[in-house]
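The numbering of the sequence shown is our numbering, which starts it at 783 and goes up by one.
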Amino acid sequence: MQTFLLLAASNIFMTVAWYWHLKGGMNKPLFTVILISWAIAFVEYCLAVPANRIGFASGWSAGQLKVVQEAIALVVFGVFMVTVLGEPLHWRHFAAFACIMGAVGFLFVGK
C-alpha cells in the first residue's frame, strides 16, 4: 500500500510538472517554465524513487512497478485533463485505460 500511495503522489506531481503551463502559463518564457517544472519534478522524484525501492524490496518486479505507475498515471492525467485543462473524456480514454489495466493484471497473475 505504501508503494501505491507514493506512486500516486509522485504521479500527481509529475502530471503537474509536465502540463501545468498549458493552462495559464503559455505566456511565460519557455526557460522559466522548464525551471518551474524541474522544481515540481524534483518532488516527484523524491516520492517515486522511495516508492520503487520499497516496492522492489517488498517483492514487486521492476515490470510490475512500471505498469502500476503507468496505470496510476492514466488515472491522474484523466482527472487533471478534465478538472484543470477542461478537456472531455472520450471512449478512447476508457479503452486505453482498460488496456493498461489488463497489462497490470497480466504482470500480477501468478505472483
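No residue lacks a Cβ here, since even glycine has one placed at the ideal position from N, Cα and C.
Computed from a predicted structure; not experimentally measured.
- For Pro-832, same chain residues with a beta-carbon under 8 angstroms away, outside a window of 5 residues either side, are Leu-788 in chain order.
- Between Ile-854 and Asn-809, the gap from beta carbon to beta carbon reaches 8 angstroms or more.
- Rounded to whole angstroms, the separation of the alpha carbons of His-872 and Val-861 is 13 angstroms.
- The stretch 812-819 and the stretch 840-851 do not touch, with fewer than three beta-carbon pairs separated by less than 8 angstroms.
- It is roughly 21 angstroms from the alpha-carbon of Leu-867 to the alpha-carbon of Glu-826.
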